[in-house]
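Novice: One line per chain: the protein sequences are A and B, in this order. Residue 278 in this note's numbering sits at position 58 of the first sequence, and the numbers go up by one each step. Residue 334 in this note's numbering sits at position 114 of the second sequence, and the numbers go up by one each step.
There are 2 protein chains.
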Amino acid sequence: MCSLPVPREPLRRVAVTGGTHGNEMSGVCLAQHWLRAPGELQRPSFSAMPVLANPAATAACRRYMDRDLNRTFTNTFLTARAHPDDPYEVTRARELNQLLGPMASGGAFDFVLDLHNTTANMGTCLIVDTAHNVFAMHLYRHLQMLSPELPCRVILYKLPKEESGSLNSVAKNGMALELGPQPQGVLRADLFTRMRALVAAALDFIQLFNQGTAFPAFEMEAYRVLRGMDFPRTEAGDLAGTVHPQLQDRDFEPLRPGAPIFQMFSGEDVLYEGESTVYPVFINEAGYYDKGIAFLQTEKLTFSVPALSMLAPAPTPGP
Amino acid sequence: MCSLPVPREPLRRVAVTGGTHGNEMSGVCLAQHWLRAPGELQRPSFSAMPVLANPAATAACRRYMDRDLNRTFTNTFLTARAHPDDPYEVTRARELNQLLGPMASGGAFDFVLDLHNTTANMGTCLIVDTAHNVFAMHLYRHLQMLSPELPCRVILYKLPKEESGSLNSVAKNGMALELGPQPQGVLRADLFTRMRALVAAALDFIQLFNQGTAFPAFEMEAYRVLRGMDFPRTEAGDLAGTVHPQLQDRDFEPLRPGAPIFQMFSGEDVLYEGESTVYPVFINEAGYYDKGIAFLQTEKLTFSVPALSMLAPAPTPGP
């Protein structure tokens, strides 16, 4: 596996962002709390900055006002000339790019951890662009080893040749932390506590890295996104069925050809007609209905992650 | 117990309304489905009319556009002169009052069943103004006897001297059917199927009544709403804590003085300081955050319901 450059210097400029989607309440409330009481985000070698990413959507308790902020950090949006009629999230993405970026520049933040919730039964997972992000994979391993009883999974979300557009892509490195299931607009104490502990552990990992700790090579699994699958719909675009009870809540479990995926309102089942086993994620995520996604199909990969230390030799450039 | 007048004639004009809250998807999708295929709502003595109550909020997948439609069926809103700046839901309430009412008139529909979901762990419940609604209590008993393994509970929601404002109050009789837990904006197949079966059973009950079936007196329990309880908040109004893990998902279970109800972000617990045991419902309902309600306190009542038949003698007028 080729690897992206790992940090050669301590990570000093770190941000934790919540409310990128304004109705995902664990990150919303953690960001609001840390803005009042930031001490929890301090470590000996750095202080992470809390950011409420989408204040307007948070105030309205909606995912977004005009368009999904977490798909708006693209070169096109960030570099176009500002206009009074720009969607709110385009303006906000430019502000965040000034605050945490500029994207792909030497002045960008070293690391952004972006906090999310899903209505899907996904437990704890990290969303990273590619498996080539060696630093992110070691952070994952650190979190998993701290709580071996709670699976922490990694989703590789970037499709080939697709620009990420995610908030954390403005920084030199970053990832999203996704916890579920939690309804939009609801703050469950159990998920709030878990997210808070995971953020603390992620900051502890950065501190360990900054103080020169070396992390050995290891093997891991991750789920790479292949494609989305829409709900069955009527000609008018309304739902004509929904996720089958045998698929609902079964995120990360194998879906084999011939298994039911949808239950039509007319009664019949729709079966999975793919040729190979896939691993659905984001099953019945509320925020994906208007994107035409009932679930994402992923493939499970196993790969080696090289050792990590701050003084690692410059890696061979990737393809 | 005094009783309200029971119907003396068959119920011919019946409506089933969904999407009163546009992101409560079981009712939204059932109403949309029945508008395409209404046959399921036919019975020998009547055909129930499906209604998508809040089309704009449904299209936006929001609870409401300008104000909660299910609090807008009050005399003040329905009788005020129409104005171009009226909130969307005020205009829509007047349209529905024309379609299904007018409220408190002889021309109103005989029965409206209004379909809702909650993010709270409430299972199946019926929401009725008062225990004096003998017809509704018999409908409840019919549903409960059909599925004795699944508890069906009755919530008496009308506070003393408070105008209901609910959609079903435009009809001569009605109730809300509330199923949970389901996130806003998500359609779970299990709840969709259960709601569909409950509506069918409710229509079957009306058919039995219409064909002259007599229903014997019985004893029952119900939960009468006493008051709401808000989340702990900061001076700015942000959340300062959330529902305690020991209370979360425990709808309808007794809450005793001294038990924890909130977990503060600062770490400490907030205890229930009431003097008597209450039965919380709508615990952590997403739609209640902006109403300042973390849960509703109810008291559990046991009472007798008199026999019901279409030719019942006129009851003694209540107080």
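We treat Cβ as the ideally placed atom computed from N, Cα and C, and that holds for glycine.
Grab the span of the beta strand (DSSP E) containing residue 442 (chain B) for me, first residue to last.
Specialist: Note, residue 442 (chain B): beta strand (DSSP E), 438–449.
Novice: Kindly indicate if chain B contains any beta-carbon less than 9 Å away from that of residue 355 (chain A).
Specialist: Residue 355 (chain A) does not count as touching chain B.
Novice: Just curious, the beta strand (DSSP E) that residue 398 (chain A) is in, first and last residue?
Specialist: From DSSP, the beta strand (DSSP E) with residue 398 (chain A) extends over 394–400.
Novice: With a Cβ-Cβ cutoff of 9 Å, do residue 334 (chain A) and residue 392 (chain A) count as a contact?
Specialist: No, the Cβ-Cβ distance between residue 334 (chain A) and residue 392 (chain A) is not below 9 Å.
Novice: Going by DSSP, what residue range makes up the beta strand (DSSP E) through residue 247 (chain B)?
Specialist: Segment 245–256 is the alpha helix (DSSP H) holding residue 247 (chain B); no beta strand (DSSP E) there.
Novice: Leaving aside the five residues before and after residue 444 (chain B) along the sequence, list all residues of the same chain whose C-beta is less than 7 Å from its C-beta, in chain order.
Specialist: Answer for residue 444 (chain B): 376, 518, 519 and 521, listed in chain order.
Novice: Can you list the residues of chain A that residue 540 (chain B) reaches, using a CB-CB cut of under 7 Å?
Specialist: A question about residue 540 (chain B) goes unanswered here, because the residues of chain B that appear run from 221 up to 539.
Novice: Does the distance from the C-beta atom of residue 483 (chain A) to that of residue 437 (chain B) stay below 9 Å?
Specialist: Their beta carbons are not under 9 Å apart, which means residue 483 (chain A) does not touch residue 437 (chain B) by this criterion.
Novice: Any beta carbon of chain B sitting closer than 9 Å to that of residue 253 (chain A)?
Specialist: Yes, because at least one Cβ of chain B sits closer than 9 Å to the Cβ of residue 253 (chain A).
Novice: Check the C-beta distance from residue 290 (chain B) over to residue 240 (chain B) and give it rounded, since I have them as a contact under 8 Å.
Specialist: Confirmed, about 5 Å.
Novice: When Cβ atoms are compared, which residues of the segment 504–522 of chain B fall closer than 9 Å to chain A?
Specialist: Answer set for the segment 504–522 of chain B: 504, 505, 506, 507, 509 and 510.
Novice: Just to confirm my understanding: we take residue 286 (chain B), look at its own chain, exclude 5 residues before and 5 after, and list those with CB closer than 6 Å. What are they?
Specialist: The residues are 307, 308 and 309.
Novice: Comparing C-alpha positions only, which one of A:258, A:242, A:249 and A:245 sits nearest to residue 235 (chain A)?
Specialist: Residue 235 (chain A) has its Cα closest to that of A:258, out of A:258, A:242, A:249 and A:245.
Novice: With distance defined between alpha-carbon atoms, name the residue in A:405, A:389, A:384 and A:421 nearest to residue 321 (chain A).
Specialist: It is A:389.
Novice: In whole angstroms, what is the alpha-carbon distance linking residue 474 (chain A) and residue 496 (chain A)?
Specialist: Rounded to whole angstroms, residue 474 (chain A) to residue 496 (chain A) spans 10 Å at the Cα level.
Novice: Closer than 8 Å by C-beta to residue 439 (chain A): which residues in its own chain qualify, once you throw out the five before and the five after it? Chain order, please.
Specialist: Contacts found: 522, 523, 524 and 525.
Novice: Since residue 344 (chain A) meets chain B, which of its residues come closer than 8 Å, beta carbon to beta carbon?
Specialist: The premise fails here: residue 344 (chain A) is roughly 17 Å from chain B at the closest Cβ pair, so nothing lies under 8 Å.
Novice: What's the C-alpha gap between residue 426 (chain B) and residue 488 (chain A)?
Specialist: One C-alpha to the other measures close to 29 Å.
Novice: Does any CB atom of chain A fall closer than 9 Å to the CB of residue 249 (chain B)?
Specialist: Output row for residue 249 (chain B): interface = yes.
Novice: Considering only heavy atoms of the ligand ATP, does any lie closer than 8 Å to the CB of residue 364 (chain B)?
Specialist: Although the ligand ATP was asked about, the structure shown includes no ligands whatsoever.
Novice: Counting beta carbon pairs with one atom in the segment 416–426 of chain A and one in the segment 359–376 of chain A, are three or more of them shorter than 8 Å?
Specialist: Yes: at least three Cβ pairs fall under 8 Å.
Novice: Who are residue 262 (chain A)'s beta bridge partners in DSSP?
Specialist: Paired residues: A:267.
Novice: For chain B, is any of its Cβ atoms less than 9 Å away from the one on residue 401 (chain A)?
Specialist: Chain B contact via Cβ: present.
Novice: Measuring CA to CA, which of B:406, B:500, B:344 and B:447 is closest to residue 464 (chain B)?
Specialist: The residue with the shortest Cα to Cα distance from residue 464 (chain B) is B:500.
Novice: Within 10 Å of its beta-carbon, does residue 299 (chain A) have 16 or more other beta-carbons around it, so buried, or fewer, so exposed?
Specialist: Flag for residue 299 (chain A) reads exposed.
Novice: Enumerate in chain order the residues of its own chain whose CB-to-CB distance from residue 249 (chain B) is below 6 Å, with the five nearest sequence positions on each side excluded.
Specialist: Contacts found: 407.
Novice: Which class does residue 527 (chain A) belong to by DSSP, given the choice of helix, strand or coil?
Specialist: If DSSP states are grouped into helix, strand and coil, residue 527 (chain A) belongs with coil.
Novice: Have a look at the DSSP bridge pairing and note the partners of residue 489 (chain B).
Specialist: Answer by DSSP bridge pairing, in chain order: B:483.
Novice: Helix, strand or coil, according to DSSP, for residue 275 (chain A) in the structure here?
Specialist: Helix, per DSSP.
Novice: Examine chain A for any beta-carbon lying closer than 9 Å to the beta-carbon of residue 216 (chain B), and answer yes or no.
Specialist: This structure leaves residue 216 (chain B) out entirely; chain B is present only between 221 and 539.
Novice: Quick check: is the beta carbon of residue 412 (chain A) nearer than 9 Å to any beta carbon in chain B?
Specialist: Cβ-Cβ to chain B under 9 Å: yes for residue 412 (chain A).
Novice: What are the boundary residues of the beta strand (DSSP E) that residue 331 (chain A) is part of?
Specialist: Unbroken beta strand (DSSP E) run through residue 331 (chain A): 331–337.
Novice: What residues in the segment 318–347 of chain A bring their beta carbon closer than 8 Å to a beta carbon of chain B?
Specialist: Under the 8 Å Cβ criterion, the segment 318–347 of chain A contributes 339.
Novice: Would you check if the distance between the CB atom of residue 433 (chain B) and the CB atom of residue 451 (chain B) is smaller than 9 Å?
Specialist: Contact flag unset, no.
Novice: Grab the span of the alpha helix (DSSP H) containing residue 310 (chain A) for me, first residue to last.
Specialist: Its alpha helix (DSSP H) spans residues 308–320.
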